[in-house]
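Q: Residue numbers (my numbering), protein chains in the order written: chain A, 63 to 452; chain B, 63 to 452; chain C, 63 to 452; chain D, 63 to 452.
Beta carbons: idealized from backbone N, C-alpha and C, even for Gly.
Just passing along the structure, written as C-alpha cells.
There are 4 protein chains.
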Amino acid sequence: MPNIGNLVQFEYYQQIFAPRPESDRLPVSFEDWEARAREKLPSAQYWYIAGAAGAGDTMRANRAAFDRWRIIPRMLRDVTERDLSITLFGRHLPFPVLLAPIGVQSIIHPDGECGAARAAASLGVPFIASTAATHPMEDIAQACGEVPHWYQLYWSKDPELTASFVRRAERAGYSAIVVTLDTPMMAWRERDLEHTYLPFLLGEGIGNYLTDPVFRSRLAKPPEQDKASAIALWTQVFGNPGLTWADLDWLRRHTRLPILLKGILHPDDALEALRHGVDGLIVSNHGGRQVDGAVAALDALVDIVRVVRGRVPVLMDSGIRRGADIVKALALGASAVLVGRPYAYGLAVAGEAGVRQVLRNLLADLDLTLALSGRRSVAELDPSVLALAP
Amino acid sequence: MPNIGNLVQFEYYQQIFAPRPESDRLPVSFEDWEARAREKLPSAQYWYIAGAAGAGDTMRANRAAFDRWRIIPRMLRDVTERDLSITLFGRHLPFPVLLAPIGVQSIIHPDGECGAARAAASLGVPFIASTAATHPMEDIAQACGEVPHWYQLYWSKDPELTASFVRRAERAGYSAIVVTLDTPMMAWRERDLEHTYLPFLLGEGIGNYLTDPVFRSRLAKPPEQDKASAIALWTQVFGNPGLTWADLDWLRRHTRLPILLKGILHPDDALEALRHGVDGLIVSNHGGRQVDGAVAALDALVDIVRVVRGRVPVLMDSGIRRGADIVKALALGASAVLVGRPYAYGLAVAGEAGVRQVLRNLLADLDLTLALSGRRSVAELDPSVLALAP
Amino acid sequence: MPNIGNLVQFEYYQQIFAPRPESDRLPVSFEDWEARAREKLPSAQYWYIAGAAGAGDTMRANRAAFDRWRIIPRMLRDVTERDLSITLFGRHLPFPVLLAPIGVQSIIHPDGECGAARAAASLGVPFIASTAATHPMEDIAQACGEVPHWYQLYWSKDPELTASFVRRAERAGYSAIVVTLDTPMMAWRERDLEHTYLPFLLGEGIGNYLTDPVFRSRLAKPPEQDKASAIALWTQVFGNPGLTWADLDWLRRHTRLPILLKGILHPDDALEALRHGVDGLIVSNHGGRQVDGAVAALDALVDIVRVVRGRVPVLMDSGIRRGADIVKALALGASAVLVGRPYAYGLAVAGEAGVRQVLRNLLADLDLTLALSGRRSVAELDPSVLALAP
Amino acid sequence: MPNIGNLVQFEYYQQIFAPRPESDRLPVSFEDWEARAREKLPSAQYWYIAGAAGAGDTMRANRAAFDRWRIIPRMLRDVTERDLSITLFGRHLPFPVLLAPIGVQSIIHPDGECGAARAAASLGVPFIASTAATHPMEDIAQACGEVPHWYQLYWSKDPELTASFVRRAERAGYSAIVVTLDTPMMAWRERDLEHTYLPFLLGEGIGNYLTDPVFRSRLAKPPEQDKASAIALWTQVFGNPGLTWADLDWLRRHTRLPILLKGILHPDDALEALRHGVDGLIVSNHGGRQVDGAVAALDALVDIVRVVRGRVPVLMDSGIRRGADIVKALALGASAVLVGRPYAYGLAVAGEAGVRQVLRNLLADLDLTLALSGRRSVAELDPSVLALAP
C-alpha cells in the first residue's frame, strides 16, 4: 500500500497529463482555502467560523507557540514505509487525527456535518459530532459507517436532556463522549456581535434538540408548529455554567463509554480530571474562540502532558494547520490532534469533497514531514524530534 | 439579576428579530470604534485623542505588556453568578472600572464630559472629572448623580486656585481627589504640533478656570469680556513643574477626601507616596502621552504592587482595551482600572450613547472573560490566573 | 591584484563615465534580483525556485537565525590586502563559496547549468552539479574547466544506476561526491502542487538518466523513441527512502573521491557520519524546501561544529544572501558556504551573465564586509567576530 | 531664560493666532522629514543619505536597541528649570548634542555644510565638519563662529596630506580632531551601486582636497584646469585601509588638539585607544552604512562604557531620532550624542532653516522628556533612569 504522502503527490502530478478544468481546482495551502471560503461565504457566516473571542489574541498565540518549536530531521533511517496509525481506547485509527466538533455546519454548506463525516470516514478518520450540529446525531453516525465516531456533549442545564443526549449517542454507535468544558456560555465574539449573527436563534444547529424526546416533552407544542418557543427553550437549556467537578460523577454513572474532557488548559484541572476517572483529555482553547488572552494550546499541552504522565490519552487542538504542526504536537506528547477550521473551510469551498481534499492534503503533508524528519511511525515522535528556537 | 455579559449578548442578538436601521449600528471592536472616530472627527481633534508623545513608542509598549501575559482558564467551577463589584474607599462599586479623566471632551462631541458622566453613571461606573474638562466640575458632578465621582486635579502654580478647585470639588460631592503627577507640562506631542492644535488656547477645556472665583479675581476684566487675557492667565497658572513631595502635605491639609496620585511608575515613588500618607495610587503613563519611551504601565504595576503590599489601593490605566486586559491587570494586583481612549472614541462616534455602548461592551467582555476563565468574582483574580508567555 | 570588493565597486562607478543602456542594467540587491526573476519567469517556474515546503516557516527561520548574530567590527588592523581563499580537500579555492546543486536549471533559462557553471568557473568558484541537472554531468564538467567541481548525488533505488552515476562523475573529473540525504522523496511543496508543476514529469532535469548506460539498459526502447516510459522509470528509481547508514559503506567502496553528506542537521547524525568515514558535511535544510518547521541551518551549524571539532570540513547552506551572512557562517565554524537561490535568480534574469553578476556582487560584499570588520582573511573569522543580539 | 522645550512649544502654538502659510510649514516627526526629503530629492541623492550597507540590517538593529530600554519617570522633583549643558574638553556646551560629520551636503541642498553649521551655531551646537565636505573647512569654521566645532578626519594614504588637513583644521579654529576609523573604504551600499552614484567622482565633496596645498602640489595641473586628474588622485589618496594603532602616535605628534576615535564598537578597541592616549571615543557604526550585520551602536555603548570607566568621554551616534533616544544614550553612559540623518533631512527639505528646525525640535523633545522623567540635568541621567523591557 503506498504511503498517503506519495499517493496524494502522485495524484496531483497526474494532472499534468490529465489536467482538471480550472473550475474544478481546489486550493492547496490553508491560507488559500481560507481565502476561497471568504469569497464564497456571506460575511456573517465566514466570520462565525474564522472569528475568535475578543481581539483574536489567543488565536494568534496558538500559532506562535508552534513556531517556537523546530524539528531536527534525522537522516538515513529507511523511511520507505511509514505507519501513521495509532490506537485510541482500543480502536485502531489509521491516522493520529480526528475532526473537531464544529456546530451548525449547514450554514457554510448544505452537505453539513453528514458531508464532513462521510469525507472523514472515507479516510478512516473519526468525526466528532457536535451537540450543536445541524444534523441529528443519528444521521451523522450513519454517515460515519464503521469508522469510529465520537459524540461531543454540550451539557444542558436540564439533566434529563443531557442524559437523553448521552443515551442517544450510545445507541447511535458513538464510541466516546467528549464533554466540552470551555463553553458554558458563548464568549465575547466581536465579529458575531457586529453581524448580530447567532445561527442558533435562527433555528440552525439545534437539530439534536428538536428531535430529542425529552426536549420535545418540555414544549407545549411540537417545534414543527411553534419553532419560536423551541428556540426560546433552547436558549434556556443549552449550556450549564453551574457545572462542577462533582457533576462528572453523575455523567460517569450514565454511560459506559469513554469520557474525554475538552478544554483543559491548567495542569491542576488535568489532575482533577484524573481523580474523577475521566478516560482522556483534549487540551484546547476552542481555537481561540472562548477566552481572549488564554494560554496557547500547545504551551498548555506541554505542562499537562508532564503531570498526566501517560495515565490517559491527551489529545489537543487549536492551531493545527499543517503536517509539521501535528508532528510537533505528537512529539510533545499529544496522542492525537483534532482539526477544526481547516476542514470547515474545505466544507465551505466544496462541501464533502472539500473536506476530503483538505484532509488528504493534511495527512499527506504529515506523512511526508514525518518521513523527511527520519521517522517511520507516530511512536517515533518524542521530544527528541524537537528543539526550542533560540 | 442577569450577569452583564449575558445581558448585553442577549440584547445584541435580540436585533436578529428586531434589526436596527443600519444608520443606528454602532461598532463593536475597539479598532472599529477608533476607525469610526477617525472618520467622524477633524484630523486635529482625532489626533489630539489618538496621538501620543514622540514616536508613540510607549503607547505600543503598553499593549505589548498585556500580550506577554496569558490567562490559564479553569474549568467546572460553577460560574452561574458572577460578582464584578469591588469596594474602594468604603464605597461599593459594581465594576472594577472607572472612566479616566480626559479633558476638553467637547472638542470631540457636544455631549462632552456631562454626556460621558451620565453614560458612566447609568452603569454605576465612577467618572473622574478632569481639571481640564470643558464643563465645570459642578455640572459634571450633577450628571453623575448618586454614583461616586472623583475629581482629577491639575495642580496650579497658584496655590489659592488649587485650593479653590479642591474646595469646589468637595462641595460638588466628589469623593476623591486624583492628583495627576505626570503632566507638570505638556509633552512633545508631534501630531498636535503638526496641526498646531492646543484646544486650551482656543478657550476649550478651561471651563473650571473661567468659573472659578479665585481665577476670576486674578483678571482685570471678567473672561466674558476679555477671553484673551483669561487664556493668557491660564497658560501661566495651568501646571506646576515646581511641585515636590513636600507639597503633598499642603494638599493633605486642604482636604479630607482620599487623595490618589496618578502617574506613579517607579516603586520608590510609590513608597514615597505612602510615606506622605496618600490613599491610593494610579499606575499610569498617561496612555503614552507624556514620556515617549516610558515603561509600560502593566510592567510598572507589577513592580509597584510588590512594594505597596496592599497598604493602599493601586489602580492602573494605559492600554486597557478589552475584558482580558482588565482580568490581567486585576490578576497582577490592580484594585481597579481606568479606561480612557475607548470611551473617548465612543463619545466621538455617538456622544453619551456611544460612551454607554463602549462601556457596556467592555463590561460584558470582562464578565464573560472572567466567567470563562473559571472565576466568579474580582477577588478570585490573583496571579494564579496568569502565566508569562514563553 | 586588487581585492574583489574594490574592483567590483570600481567597475560599478566607472559607469558614471560610461553609462550602460538602461536595458543592460542588472539588479544589485537580492530582493531586486528576486523581483526581476518573478517578473520574467512564468509563475510555476518562479515558485519552483522561490517556494518552500509547507508554510515556508523553515525558509523564514533560516533568515531569522542570521539576524540573531551581530558582527563586532575591529578597527586599525591594516586591511589593505585581503585573502578570501581557502583550501578544501587539498584544493586551493579563491573564495569560501560554492554554487549549491540546483536541478532543472533550463526551466529558468536556456543557459542552464552549463551557463551557471561557466559563470562560476570564470571566478574560480566550484560548481556542484545536481543529479537532476538538465545538462548531462559531462557537459557541465567541461563548462567548469580547470576549476574544481563536485557532483551531487541523488542516490537511486537502483544500485547499478547509482554506481554508474558515481563512475561517470569520476571520469568527468568531478573532485568530490555530495550525497544529498534530505530528499529521499519530494516534500509537500504547496506552490508546486497548486501549479501541478513537477518539471521532471515533463522530461526536464533527467538528462543524466537519459544519457546513462545503466538507465538506458533498463528501458525496452531508447528514450528518444519512448520518452513516457523513460519518465515512468525515472519516477521509480529517482530517490531512495530506504537508505541507511550502512549504505554509505557501499558508496565508500565505489569511489575514491571525497564524500560529503548534505542535509545533516542533528549533531548525532554528524557523529554517525564521522564513524562512517565521510570526508565532509554540509549542514543544510535544503533552503527550507524539505521539512517545514525544521531547525534553521545556521542554528544547526553551531551544534554540529561543536561535536565535529574540526575532524572534517563542515560547510553550510540555506539562507545565505549577502556578505555578512557568509562572515557569520564562517565565524561560527563553517569551512565554506553554498549559495542557491541567489544564483538561480541571476540565471533567470540574465543567464550566465546574471549568475556571474550575482556572484561577483556577493564576493565583493563579502570582501568589503570582511575588511570593514577588521579581518584580512578567512582564517581570522572565528567566534570572536560575533555576539548574539541581546 | 525659558527652557527650550517650553519655548519651542510656545512658538508652535503661537501659530494658532498667527498661522503660517501652508507652503511655509515644516514637518515635525522624523518620519515626516524623511518623507519630505524623499519627495524633494532625486532618488540617487535621497538614497545616498537614507541608504545603508547591505540589507540595512544594522540600521534596523540600531533602532531596535533603543526600543529594548524603557524610561521609568520619577515624579514631584521640581523640574521648573532644566540644565541641558555639558562640559566637553573644557568647553561648556548648552546641549549634549553635536552634528555628526556628513560629507557632500551640497548634493542635498545648496546651503551645504555652511548652512548646517550656521543652523547648529545659532543654537550653540557644535558642528563636526567632514573631510568629505563640499565646502572647505575654513569656510565651515567661519560659519560656526564662536561655537566650538570639530574636524572629522578621513586619514589619507598620503601622510603629508593628512598632516596638512590637521594643520589647516588647527589654524581654522577647530577644537578637536575626530578620526573616523570605520571607513578605510566605502562599504557595499546597494542603493548607491544601483544608482551608480558616488558623488565624489562627480567632483562633489572633495573641496578640502582641491584647496589643499599638498594635494595641489601632487597635481600636474591645478584642478581648475584638469578636474579629471584631481578626481583620479582623490580616489588614490582618500582612505587608508593600511592604518594600524601605531599610526595614532604619528597623529598625536602632529596636533595638540584632543583626538577622538569614531567607529569604535569593541571594548578591546576602546582599551587599545586608551593605551594610545586618545582623548575621547565615539561609539558608532556609521549609521549602519559600513558593516551590514554590525552590532547596534547602543549595545556597543554599554559594553564600552563599562571598560572605559570614565577615563575619557564616550560619545555615540547611529540611531538617534528623538529626545528619548538621547535620554537613553546618556543614561547608559554617553557623554553626548551625534545626530546625522535627521539634520540631513532638514537640510534637504529647507536648507539652513530646516536644519535649525530639526535641531530645535529635537532639543525641545529632549528637554521635555528629561523634565517629564523627573530629571533636571544631564548629570541626573544615570542607569537608574532605565529598565530593560521584559
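(1) Does D:R368 come out as helix, strand or coil in the three-state DSSP assignment?
(2) Report back the beta-carbon spacing between D:L421 and D:L69 to the nearest angstrom; my notes put them in contact at under 8 Å.
(3) Residues of chain D with a CB under 8 Å from the CB of B:V353: which are they?
(4) Going by C-alpha to C-alpha distance, which of D:Y108, D:I111, D:G165, D:Y74 sits closest to D:F479?
(5) If we cut at 9 Å on Cβ distances, does A:P419 have a partner in chain C?
(6) Apart from the five residues on each side of it in sequence, which residues of its chain come closer than 7 Å, Cβ to Cβ, to C:S279?
(7) Using a cut-off of 8 Å between C-beta atoms, extract the partners of C:L264 located in chain A.
(8) Can you list, in chain order, the residues of the region 133-165 of chain B whose Cβ is nearer than 7 Å to any Cβ on chain A?
(9) Pick helix, strand or coil for D:A80, following the three-state DSSP scheme.
(10) Looking at the structure shown, is C:F277 part of a helix, part of a strand, or coil, going by DSSP?
(11) Please work out which residues of its chain come closer than 6 Å, Cβ to Cβ, to B:V276, disregarding the five sequence neighbours upstream and downstream, and give them in chain order.
(12) Going by C-alpha to C-alpha distance, which of A:W212, A:I366, A:S168 sits closest to A:T196?
(13) Whose Cβ in chain A lies nearer than 8 Å to the Cβ of B:N68?
(14) Going by beta carbon distance, what residues of the same chain come within less than 6 Å of D:E414, once the five residues before and after it are set aside?
(15) May I ask you to list the residues that DSSP assigns as paired with D:G342?
(16) Grab me the residues of D:M377's own chain with a C-beta within less than 8 Å of its C-beta, minus the 5 sequence neighbours each way, in chain order.
(17) Residue ranges of each beta strand (DSSP E) run of no fewer than 3 residues wholly in the region 79-159 of chain C, ordered along the chain?
(18) Give a yes or no on whether 9 Å exceeds the smallest Cβ distance from C:H328 to chain G.
(19) Under 8 Å, with one C-beta from each stretch per pair, do the region 291-310 of chain B and the region 104-114 of chain D reach the 3-pair mark?
(20) Along chain C, in chain order, which residues have C-beta atoms closer than 7 Å to that of A:D129?
(21) Note down, in chain order, every chain C residue with its Cβ under 7 Å from the Cβ of D:A396.
(22) Please confirm if A:A114 has its CB atom under 9 Å from at least one CB of chain B.
(23) Scan the region 158-192 of chain D and note each continuous alpha helix (DSSP H) run of 4 residues or more that stays entirely inside, going in chain order.
(24) Along the region 286-318 of chain B, where does the CB come closer than 8 Å to a CB of chain D? Name the residues.
(25) So A:H316 is in the alpha helix (DSSP H); what residue range does that whole segment cover?
(26) How would you list, in chain order, the residues of chain B whose beta-carbon sits under 9 Å from the beta-carbon of D:D244?
(27) Tell me the rounded alpha-carbon separation between D:N423 and D:V90.
(28) Using a beta-carbon distance below 9 Å, is D:S439 in contact with chain B?
(29) Given a threshold of 16 other Cβ atoms within 10 Å of its Cβ, counted over all protein chains shown, does C:G381 qualify as buried or as exposed?
(30) By DSSP, does C:L264 sit in helix, in strand, or in coil?
(31) Report yes if the CB atom of B:G152 is closer than 9 Å to the CB atom of D:V389, and no otherwise.
(32) Determine the closest residue to D:T142 out of B:S439, B:M248, B:T317, B:I293, with distance taken between C-alpha atoms.
(33) Taking C-alpha atoms, which residue in D:Q352, D:R351, D:A362, D:L305 lies nearest to D:D33?
(34) Here's the rule I'm using: 16 or more other beta-carbon atoms within 10 Å means buried, otherwise exposed. How should C:S85 be labelled?
(35) Just the Cα atoms here: how many angstroms apart are A:R139 and C:A238?
(36) Tell me the DSSP secondary structure of D:H211 in three-state form.
A: Quick answer:
(1) In this structure, D:R368 counts as helix in the three-state DSSP scheme.
(2) 13 Å between Cβ atoms; not a contact.
(3) What B:V353 touches in chain D, judged by beta-carbon distance under 8 Å, is I133, P135, A386, T431, L434, S435, going in chain order.
(4) Residue 479 of chain D lies beyond the range of chain D shown here (63 to 452); nothing can be said about it.
(5) Just to set this straight, residue 419 of chain A is Gln in the shown sequence, not Pro. No, A:Q419 does not count as interfacial toward chain C.
(6) Nothing meets the Cβ criterion.
(7) Near C:L264 (Cβ distances below 8 Å), the residues of chain A are I78.
(8) If the cut-off is 7 Å between Cβ atoms, the region 133-165 of chain B has I133, I134, P135, R136, M137, L138, R139, D140, V141, T142 near chain A.
(9) Three-state result, D:A80: coil.
(10) The DSSP-derived three-state label of C:F277 is helix.
(11) Within the same chain, B:V276 has close Cβ partners E222, L223, S226.
(12) Among A:W212, A:I366, A:S168, the Cα nearest to that of A:T196 belongs to A:S168.
(13) Contact of B:N68 with chain A by beta-carbon distance below 8 Å involves M247.
(14) For D:E414, where only same-chain residues beyond five positions count, the Cβ hits under 6 Å are D173, G177, R180, A181.
(15) In the DSSP output, where bridge partners are listed per residue, D:G342 has D:L322.
(16) Looking at the sequence provided, one finds Leu at residue 377 of chain D rather than Met. Excluding sequence neighbours, D:L377 sits near L160, L322, G342, L343, I344, V345, A396, S397, A398, V399, L400.
(17) Qualifying beta strand (DSSP E) stretches, in chain order: 131-133, 148-150, 153-155.
(18) Here chain G cannot be found, since the structure's protein chains are A, B, C and D.
(19) With a cut-off of 8 Å, the region 104-114 of chain D and the region 291-310 of chain B do not count as touching, because too few Cβ pairs lie within range.
(20) In chain order: D119.
(21) In chain order: nothing, as chain C lies at least about 17 Å away.
(22) No, because no Cβ of chain B sits closer than 9 Å to the Cβ of A:A114.
(23) Entirely contained in the region 158-192 of chain D, the alpha helix (DSSP H) runs reaching 4 residues are, in chain order, 174-184.
(24) Identification of residues in the region 286-318 of chain B having a C-beta nearer than 8 Å to some C-beta of chain D yields P303, G304, L305, T306, W307, D309, L310, given in sequence order.
(25) A:H316 -> alpha helix (DSSP H) spans 307-316.
(26) D:D244 does not reach chain B, its nearest Cβ partner there being about 27 Å away, counting only Cβ pairs nearer than 9 Å.
(27) As the crow flies, the alpha-carbon of D:N423 is around 7 Å from that of D:V90.
(28) Under the Cβ distance rule, D:S439 does not count among the residues neighbouring chain B, no pair being separated by less than 9 Å.
(29) With 16 or more Cβ atoms within 10 Å of its Cβ, C:G381 is classed as buried.
(30) Under the three-state reduction of DSSP, C:L264 is assigned to helix.
(31) The Cβ atoms of B:G152 and D:V389 lie no closer than 9 Å to each other.
(32) It is B:M248 whose Cα lies nearest to the Cα of D:T142.
(33) Beyond the ends of chain D as shown, which are 63 and 452, falls residue 33 of chain D; an answer cannot be given.
(34) C:S85 should be labelled exposed.
(35) C-alpha of A:R139 to C-alpha of C:A238: approximately 24 Å in a straight line.
(36) Note: D:H211 maps to strand in three-state DSSP.
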